[in-house]
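In case it helps, UniProt numbering puts the sequence shown at residues 1 to 460. Cβ atoms here follow ideal geometry from the backbone N, Cα and C, with glycine treated the same way. Reviewing the structure listed below.
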Amino acid sequence: VGFSYHPRHPHLPTSATPFPHCSPGTSPGRLPPFPPPKTLTTPRTAAMEQANPRAGSARNRKVVLRDYISRAPREDDMALVDGGAVPLRVPEGAAGPAVLVKNLYLSCDPYMRGRMRDFHGSYIPPFKPGSVIEGLGVARVVDSTHPGFVAGDIVSGMTGWEEYSLIDKPEQLNKIQQSDIPLSYHLGLLGMPGFTAYVGFYEICSPKKGEFVFVSAASGAVGQIVGQLAKLHGCYVVGSAGTNEKVELLKDKFGFDAAFNYKEEPDLTAALKRYFPEGIDIYFENVGGPMLDAVLLNMRMHGRIAVCGMVSQHGMTDPAGIHNLFCLVPKRISMKGFIQSDYINLFPQFLDYMTKHYKDGKIAYLEDMSIGLENAPAAFVGLFSGLSNTILLFLVCNLMTLTLPAGRPRQHFPLQDLEVNRTKSMSPSAEIHRFKRVVPVQLLQVVPSALAALTGKGMT
Ligand SMILES: NC(=O)c1ccc[n+]([C@@H]2O[C@H](COP(=O)([O-])OP(=O)(O)OC[C@H]3O[C@@H](n4cnc5c(N)ncnc54)[C@H](OP(=O)(O)O)[C@@H]3O)[C@@H](O)[C@H]2O)c1
């Protein structure tokens, strides 16, 4: 992280040492930790007892990885299992403070494919076969022996693909201050993908107003935000995606100057030449493979390539080679990989920036949501076939953000196993989006119980 970049960040502090604790690579994926526990076992305080006085137990379903794989993931690589009854309290005598959470939203991300391999040399360890799959989520605290959390808090962070998770490193959780922004956005726009776009674009790409920017997998969770940041910065932006519907989204919803369906282009080099007759200054690399080769031939002098990921190579045991790397030399191109968590010190600034721009209507955001843990394996596999439209999440249960088209009344509907959480003043576009994309699927599954509950409460 170079402080010389700050002139490009009008929203970042400008003091000489704005982030004195910044030390890339020392705290991947962690916000500054809470103080470490002083004792090995954590006595429950009176306040904790009061917070969770009537703890019972609940069945816990979970999605486990069956075994390591060395190919593209399939649904049957994962299994939904009954994890038995889980006491709704942090167990007595736990080795240090812990937090029991009810998972609300879980996210499917491409990096999780790498954790399905028997490979221990990555920046994050592999999953354990037979154990619950770990992933980022938004959850509600059910019980806590950590002084930083109480029952009812809404948190985001690393959790499990299950209904309840016992989190033994609560210091990695972020407490979410609830606002009128949907909770699920803390896994996308305001979460890891949004942060990846933010640091990748500002810290790695060194953008200048008027530059030509190309984004691949542009309708994905990261790409859609990169394109919008580039537009806000005054750049010319083109994105590629794998369906015509996504291409339309890029232009109509996310404001890209142009977009194309890479699957319909027989010659990617020629396609890029068509969209960038003067060449590309910045390439935000999400896919790798033939696209990277074509981009290299179209880069301008002193261009920058931010290597965020290479989703086309994830399922390959023998990744495709890159043929045009020599272009780096005559064109003096910089190509740099990055991991978002190395820049975690920028997270508070990122949150402020995104929240403000989203509320001002300057950043749009779309997510794709599946309902229920049982659909998690299909949702994950869909990431690699391009079936998902944008960021893919799944709703576990018990807290559903349900919004109606503008002008319709909103009410709290306490259902038997489904608590509907109203957002107060979501922007009209977000409302319409969520109504169109989320509610119809939910209706299929919850209408009978919802109607019964509403009728019982005399609501119409
Ligand atoms: N460096 C970091 O810190 C960091 C953090 C987060 C994510 N990432 C990486 O960033 C990239 C994008 O992540 P994301 O969360 O935005 O992904 P995403 O929302 O899950 O989008 C994935 C999209 O990639 C496209 N895709 C899949 N297979 C492809 C292939 N063979 N060739 C071309 N496109 C393909 C598909 O869209 P189409 O229909 O358009 O093909 C798919 O919808 C990934 O490589 C991920 O690993 C890196």
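For the stretch 195-203 and the stretch 157-169, state whether three or more C-beta atom pairs, one from each stretch, are separated by less than 8 Å.
no
Keeping to the same chain, check which residues put their C-beta closer than 7 Å to that of Leu268; ignore five residues upstream and five downstream.
Within the sequence shown, residue 268 is the residue found at index 268, counting from 1. Same-chain partners within the cutoff: Tyr262, Pro290, Met291, Ala294.
Does the separation of the CB atoms of Pro126 and Tyr68 fall below 8 Å?
Numbered from its first residue, the sequence shown carries residue 126 at position 126. Numbered from its first residue, the sequence shown carries residue 68 at position 68. For Pro126 and Tyr68, yes; Cβs fall inside 8 Å.
Per-residue DSSP class, three states only, for Phe338
As a working note, residue 338 is residue 338 in the sequence shown. Phe338 falls in the coil class under three-state DSSP.
Residue interval of the alpha helix (DSSP H) (run including residue 464):
The question about residue 464 has no answer, for the chain in this structure spans 1 to 460.
Under 8 Å, do Ile333 and Met299 count as touching if we go by C-beta distance?
Sequence index remark: in the sequence shown, residue 333 carries index 333 (1-based). Sequence index remark: in the sequence shown, residue 299 carries index 299 (1-based). Their beta carbons are under 8 Å apart, which means Ile333 touches Met299 by this criterion.
To the nearest angstrom, how far is the alpha carbon of Gln172 from that of Gln178?
On the sequence shown, residue 172 is found 172 positions in, with the first residue counted as 1. On the sequence shown, residue 178 is found 178 positions in, with the first residue counted as 1. Straight-line Cα distance between these residues: approximately 18 Å.
Quick one: Cα of Gly191 to Cα of Arg59, how far?
As a working note, residue 191 is residue 191 in the sequence shown. As a working note, residue 59 is residue 59 in the sequence shown. If I take the Cα positions, the gap works out to 29 Å.
Near Glu75, what residues of its chain come up, given a Cβ to Cβ distance below 7 Å and the 5 sequence neighbours on each side ignored?
As a first step, residue 75 must be located in the sequence shown, where it is residue number 75. Once the five neighbours on either side are set aside, the close Cβ partners of Glu75 are Pro377, Ala378, Val381.
Where Pro170 and Ala217 are concerned, what is the direct C-alpha to C-alpha distance, given to the nearest angstrom?
Here residue 170 refers to the residue found at position 170 of the sequence shown. Here residue 217 refers to the residue found at position 217 of the sequence shown. Near 33 Å, if we compare the C-alpha coordinates of Ala217 and Pro170.
How many angstroms separate the CA atom of Ile339 from the CA atom of Ser312?
The residue labelled residue 339 in the question sits at position 339 within the sequence shown. The residue labelled residue 312 in the question sits at position 312 within the sequence shown. Going by the C-alpha atoms only, they are around 18 Å apart.
From the DSSP output, in three-state form, read off Leu183 for me.
Within the sequence shown, numbered from 1, the residue matching residue 183 stands at position 183. Of the three classes helix, strand and coil, the one that applies to Leu183 here is helix, per DSSP.
Measuring straight from C-alpha to C-alpha, what distance separates Phe56 and Leu187?
If you number the sequence shown from 1, residue 56 lands on position 56. If you number the sequence shown from 1, residue 187 lands on position 187. Phe is not the amino acid found at residue 56; the sequence shown has Gly there. Gly56 and Leu187: Cα-Cα distance of roughly 29 Å.
Buried/exposed call for Leu346, threshold 16 Cβ in 10 Å
Translated into positions along the sequence shown, residue 346 becomes position 346. Result: buried.
Strand pairing of Val215, partner residues [DSSP]
Locating residue 215 in the sequence shown gives position 215, counting from the first residue. Answer is Gly239, Phe284.
Range covered by the beta strand (DSSP E) that runs through Phe260
Along the sequence shown, read from residue 1 onward, the residue named residue 260 stands at position 260. Per DSSP, the continuous beta strand (DSSP E) segment holding Phe260 begins and ends at 258-261.
Under 8 Å between C-beta atoms of Lys336 and Ile225:
Against the sequence shown, residue 336 aligns to sequence position 336. Against the sequence shown, residue 225 aligns to sequence position 225. In this structure, Lys336 sits away from Ile225, with a CB-CB distance that is not shorter than 8 Å.
Do you know offhand how far His314's Cα is from Leu106's?
Locating residue 314 in the sequence shown gives position 314, where the first residue counts as 1. Locating residue 106 in the sequence shown gives position 106, where the first residue counts as 1. Spanning the two alpha carbons is a distance of roughly 21 Å.
How close, in whole Å, do the beta carbons of Ser240 and Ala258 come, if the pair is a contact with beta carbons under 8 Å?
To locate residue 240, count along the sequence shown from 1; it is residue 240. To locate residue 258, count along the sequence shown from 1; it is residue 258. No, Ser240 and Ala258 are not in contact; Cβ-Cβ is about 10 Å, not under 8 Å.
Going by CA-CA distance only, name the one from Gln228, Asp360, Ser70, Ala85 that's closest to Asp118.
Taking the first residue of the sequence shown as position 1, residue 118 is located at position 118. Per the C-alpha coordinates, the member of Gln228, Asp360, Ser70, Ala85 positioned closest to Asp118 is Ser70.
Within the stretch 328-386, ranges of the beta strand (DSSP E) (whole runs, at least 3 residues):
334-337, 367-371
Between residue 463 and the rest of its own chain, which residues show a CB-CB distance below 6 Å, the 5 nearest in sequence each way excluded?
Because the chain here runs from 1 to 460, residue 463 falls outside it and cannot be looked at.
Apart from the five residues on each side of it in sequence, which residues of its chain come closer than 6 Å, Cβ to Cβ, to Val215?
Here residue 215 refers to the residue found at position 215 when the sequence shown is read from its first residue. Gly223, Val226, Gly227, Gly239, Phe284.
What's the gap between the Cα of Ser156 and the Cα of Ile282?
As a first step, residue 156 must be located in the sequence shown, where it is residue number 156. As a first step, residue 282 must be located in the sequence shown, where it is residue number 282. Their Cα atoms are separated by approximately 32 Å.
Span of the alpha helix (DSSP H), counted from its first residue to its last, around Leu222:
Position 222 of the sequence shown, counting from 1, holds the residue named residue 222. It is Val, not Leu, that sits at residue 222 in the sequence shown. Val222 -> no alpha helix (DSSP H), and no H or E assigned at all.
Quick check: what's the CA-CA separation for Val247 versus Glu367?
Within the sequence shown, numbered from 1, the residue matching residue 247 stands at position 247. Within the sequence shown, numbered from 1, the residue matching residue 367 stands at position 367. Approximately 16 Å between the Cα atoms of the pair.
Grab me the residues of Lys62's own chain with a C-beta within less than 7 Å of its C-beta, minus the 5 sequence neighbours each way, in chain order.
For this step, residue 62 is matched to residue 62 along the sequence shown. Val81, Gly83, Val132, Gly160, Trp161, Glu162.
Comparing alpha-carbon positions, which option in Asp342, Pro330, Lys359, Cys308 lies nearest Tyr111?
Walking along the sequence shown from the start, residue 111 turns up at place 111. Of the residues Asp342, Pro330, Lys359, Cys308, the one whose Cα lies closest to the Cα of Tyr111 is Cys308.
Please say whether Ala139 and Val101 have beta carbons closer to each other than 8 Å?
Locating residue 101 in the sequence shown gives position 101, counting from the first residue. Locating residue 139 in the sequence shown gives position 139, counting from the first residue. Closer than 8 Å, so yes.
Any idea if Asp153 is buried or exposed, counting beta-carbon neighbours within 10 angstroms, 16 or more meaning buried?
Numbered from its first residue, the sequence shown carries residue 153 at position 153. It counts as buried.
At a cut-off of 7 Å, would you count Asn286 as near ligand 1, judging by its Cβ distance to the nearest heavy atom?
Taking the first residue of the sequence shown as 1, we reach residue 286 at position 286. Correct: Asn286 has its Cβ closer than 7 Å to ligand 1.
How about Met116 and Leu136: do their beta carbons lie closer than 8 Å?
For the purposes of this step, residue 116 is taken as the residue at position 116 of the sequence shown. For the purposes of this step, residue 136 is taken as the residue at position 136 of the sequence shown. No, Cβ-Cβ distance for Met116 and Leu136 is not below 8 Å.
Reduced DSSP secondary structure (H/G/I, E/B, other) of Asn60
Reading the sequence shown from its first residue, position 60 is the one you call residue 60. Three-state result, Asn60: strand.
Using a threshold of 8 Å, state whether the C-beta atoms of Ala221 and Pro207 are closer than that.
Numbered from its first residue, the sequence shown carries residue 221 at position 221. Numbered from its first residue, the sequence shown carries residue 207 at position 207. No, they are not a contact pair.
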